[in-house]
Structure formats: C-alpha cells, structure tokens
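Each residue of the sequence shown is one higher than the one before, starting from 1 at the first, in this note's numbering. Okay, structure first, notes after.
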Amino acid sequence: MNTELWLLLLCAWLLDAVLGDPDYPWHPIRQLGALSLRLEHWLFAAGLQGRSGGVLHWLLVLGAALGGWWLPHAALAALDPVLAAGWDLFLAYSLLCTRDLIDHGRRVLEQLHDLPQARRALSRLVGRDTAPLQADGIVRATIESLAENLTDAVLTPFWALCLFGLPGLVLVKAISTLDSMVGYRNARYARFGWCAARTDDLIHWLPARLSVVMIATAALWLRGRGEPLYPRLALRTAWSEHAALPSPNSGWSEAACAGALRRRLLGPIYRRGRLVSDAYMGAADWPANLGAADLNRALRLIRVASWFSLGLGLLIAAVPLCG
Numbered sequence: 001m002n003t004e005l006w007l008l009l010l011c012a013w014l015l016d017a018v019l020g021d022p023d024y025p026w027h028p029i030r031q032l033g034a035l036s037l038r039l040e041h042w043l044f045a046a047g048l049q050g051r052s053g054g055v056l057h058w059l060l061v062l063g064a065a066l067g068g069w070w071l072p073h074a075a076l077a078a079l080d081p082v083l084a085a086g087w088d089l090f091l092a093y094s095l096l097c098t099r100d101l102i103d104h105g106r107r108v109l110e111q112l113h114d115l116p117q118a119r120r121a122l123s124r125l126v127g128r129d130t131a132p133l134q135a136d137g138i139v140r141a142t143i144e145s146l147a148e149n150l151t152d153a154v155l156t157p158f159w160a161l162c163l164f165g166l167p168g169l170v171l172v173k174a175i176s177t178l179d180s181m182v183g184y185r186n187a188r189y190a191r192f193g194w195c196a197a198r199t200d201d202l203i204h205w206l207p208a209r210l211s212v213v214m215i216a217t218a219a220l221w222l223r224g225r226g227e228p229l230y231p232r233l234a235l236r237t238a239w240s241e242h243a244a245l246p247s248p249n250s251g252w253s254e255a256a257c258a259g260a261l262r263r264r265l266l267g268p269i270y271r272r273g274r275l276v277s278d279a280y281m282g283a284a285d286w287p288a289n290l291g292a293a294d295l296n297r298a299l300r301l302i303r304v305a306s307w308f309s310l311g312l313g314l315l316i317a318a319v320p321l322c323g
C-alpha cells in the first residue's frame, strides 16, 4: 500500500459523497450488465447452460472487467502517470455508491405522504412487490434495504479497494453485478448462476459480520448525541436473529439495524403476488408500525456507519505507511 492509493481512497470517497453516483451511458456497471447478458445468450445457444457454462461466463465477465480497467490505465500511463491516476480516480468514484444508497432512502422518506410515489421510489431499492405495502411496510422495507446494501454496496467495495487496490474493487463490483444478473435459484439459473452466487456470498462474508460492529459503533456515537439508539441491542439482535433470512450474509446487518433502532423489521413479503414470508425480525414487544421518524433515524445510522467504515478502511490502508 502506498500514498497514491491512500489518496485514491479518500478522493474517490469524497467525490462520491459530494457528487453521488455519476450517470452516463458508458457507466462500467451498465457495460458489465450488458456484457453478462450477451455472453449468457451466447453460452445458452451453445448448450452451455450448466455449471461449466456458468463458470466460463463468470471468468469471461471478470476478465473483461479487469481488462476494461487495465488497458486504458496502461495506455494512459505510457503517456503520463497523472492521466493514469485520473482514470483510476474516475473509475473508483464511478464504482462507489454510498451517496446513491442514502439518496434512494431519502427519496422514499420524502414521498411517504404519497403512497404510490413512495412505493415507486422503494421499487428502486427492493425486488419484492411494493403494491401491497402501506406506509409502515414501506418504511420497514426501506430500512432493510439500507442495512443490506450497507454491506453489499458500501463496505465490501470500499474495503476491497483498501486491501487490494483498484483491481479488488473492480472484481468485487463485477461479482456483485453477476450475482444480480444470474445468481437466482430458479429453473434457468440454479446451475448456471451457481458460481456467481457462491462467490458473491464469499466476498461479502466477512464485511457482513463486520457491518454489525460498524452499526453498533454508529449507534453508540449517535446515542451520545441524544439519538434514541441501542448499540448493545444491535449486537445481541445480530447474534440471535441473523439466521432469520435465507442469505448467509444479509441477516447480520439487517438484524443489527433492527436492534440498534429497537424496531421490528421484515413482516409480510410478497413476490409476484405470492406471500413468501410473514415473520418479523426483532422482539415481539418492539414497535412494527414504523413511520418517517424511524426511517430518518435509520438513514442517520447508515450514514454514520459508512463514515466509520471509511475511517477503518483508511486506517487499514495507512498501516503499511506507518511501518
């Protein structure tokens, strides 16, 4: 780790915090999604619909992602190292999305007075049916998505950048994109998407568990400033209820957030018109009828947890400099 990488971390984070996720036609996530779809169609047409085809698909997309970073970097470095550094910064900024996550949650909060608009804003965050949801269900679903994406969209990508540089960030985002494209347990992808789904579980395994520490620490910091948050409950609930979700990772941050807020999450969840779960996460005596004040607290909690993740990441990156 060197000074240039440490500055890349800080500058990319600050650009994301100030400007948000850039929207342009050649955004790398859009290109990876389009490439994944084209390769999937080609492999299925060639009869490679099983695990071997899925592994080949995984390798091709990840190889293209790394090549899409390295080739421009090498060409620009041959002209001027400053140009290569600028390319790296722009790419890192494009792949971090903390501000975008908070903005999505804030849009739901701003539309809570208008349920159709709030459901529409929520549909950008979740894959479940939003039509059956009333205000309390919209708030619960938004908080759950904020907590889950704290791991998937904030902690794992940034810490990968801290530990492994830009190639680590590129690989993590490529794996997450592949999981969102083919990592489903259905007839089409159960075998083909196996590699994408399992590697996505792997890369988020440790950050998901460390997210509990980030959330509890953020709750402790905010509690010291008068917020009604519960850091000990965050730890206890994460330990006791993380298995309430089938995912090996997402339950940790969601349960920690439920405990920190002392609010019940989950509740009735519909997908394609079918009730898939009606269980709640959190103690039976915790409120489940949530409102704007609860979502506001959750947004502050997630924002501060992301700040602590920035501090930890910069510390990790700076340790070799101090040695």
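The C-beta atom is built at its ideal place from N, Cα and C for all residues, glycine as well.
For residue i, which residues from the same chain have a beta carbon less than 8 Å from its beta carbon, with the 5 sequence-adjacent residues on both sides left out?
i    : result
Y280 : R264, L265, L266, G267 and A288
G183 : Y189, G193, A196, A197 and D200
S240 : A255
L314 : W6, L9, L10 and C162
R120 : Q111 and T130
G50  : R191 and F192
Whose C-alpha, out of the options, is nearest the C-alpha of residue i?
i    : options                 : result
G67  : P28, G193 and Y24       : P28
A292 : L79, L7 and V108        : V108
D16  : G168, L122 and L91      : L91
W69  : R120, L37 and L169      : L169
D294 : A218, L229 and T98      : L229
P22  : L14, A64 and S94        : S94
E148 : H73, T98 and W286       : T98
L56  : P72, D278, A65 and L39  : L39
R271 : G50, D88 and S123       : S123
A219 : I269, G259 and Q49      : G259
M214 : A75, H73, T142 and L301 : L301
G282 : G273, E144 and A174     : E144
Q35  : P25, A64 and G50        : The sequence given here has Leu at residue 35, not Gln. Residue A64 is the option with its Cα nearest to L35.
R30  : G273, A174 and E227     : A174
Which whole-angstrom value describes the C-beta separation of residue i and residue j, a residue pair presumed to lie in contact below a C-beta threshold of 8 Å?
i    : j    : result
S211 : A256 : 7 Å
N249 : D201 : 6 Å
G105 : L299 : 5 Å
T177 : L32  : 5 Å
V304 : L222 : 6 Å
Whole angstroms are fine: how far does the CA of residue j sit from the CA of residue i?
i    : j    : result
C195 : T151 : 20 Å
V333 : A85  : Because the chain is modelled from 1 through 323, residue 333 falls outside the range shown and cannot be assessed.
M181 : R262 : 34 Å
R209 : W252 : 6 Å
G224 : P231 : 11 Å
P246 : D114 : 32 Å
W13  : G47  : 43 Å
V384 : D103 : Nothing in the structure corresponds to residue 384, since the chain is present only between 1 and 323.
W159 : L125 : 22 Å
F328 : A45  : What the structure shows of the chain is the stretch from 1 to 323, and residue 328 is not part of that stretch, so it cannot be assessed.
N296 : L37  : 37 Å
Q134 : P72  : 48 Å
D136 : L290 : 5 Å
D285 : R185 : 34 Å
L310 : L89  : 16 Å
For residue i, collect the residues of the same chain with a Cβ closer than 7 Å to its Cβ; drop the 5 residues on either side in sequence, then sort them by chain order.
i    : result
L5   : G165 and A317
T53  : According to the sequence shown, residue 53 is Gly rather than Thr. For G53, where only same-chain residues beyond five positions count, the Cβ hits under 7 Å are L43 and F192.
T156 : V172, I203, H204 and P207
H242 : G251, W252 and A255
D100 : G20 and D21
I312 : Checking the sequence, you will find Leu at residue 312 rather than Ile. Nothing listed; no residue qualifies.
L60  : L39
Q117 : Q111
Would residue i count as contacting chain D if we go by Cβ distances under 8 Å?
i   : result
A75 : Absence of chain D from the displayed structure is noted, only one protein chain being present.
In its own chain, which residues sit with a C-beta less than 6 Å from the C-beta of residue i, not counting the 5 before and 5 after it?
i    : result
L235 : A216
C322 : For C322, the pLDDT reaches just 45, beneath the cut-off of 50, and the residue's location in the model is therefore unreliable, although a value from the coordinates is still provided. Taken in chain order, the list of residues that qualify is empty.
W26  : none
**OP:** Entirely within the stretch 87-161 and at least 4 residues each: give me those alpha helix (DSSP H) ranges in chain order.
**Re:** Taking only runs of at least 4 residues, the alpha helix (DSSP H) segments lying wholly in the stretch 87-161 are 98-110, 115-122 and 135-149.
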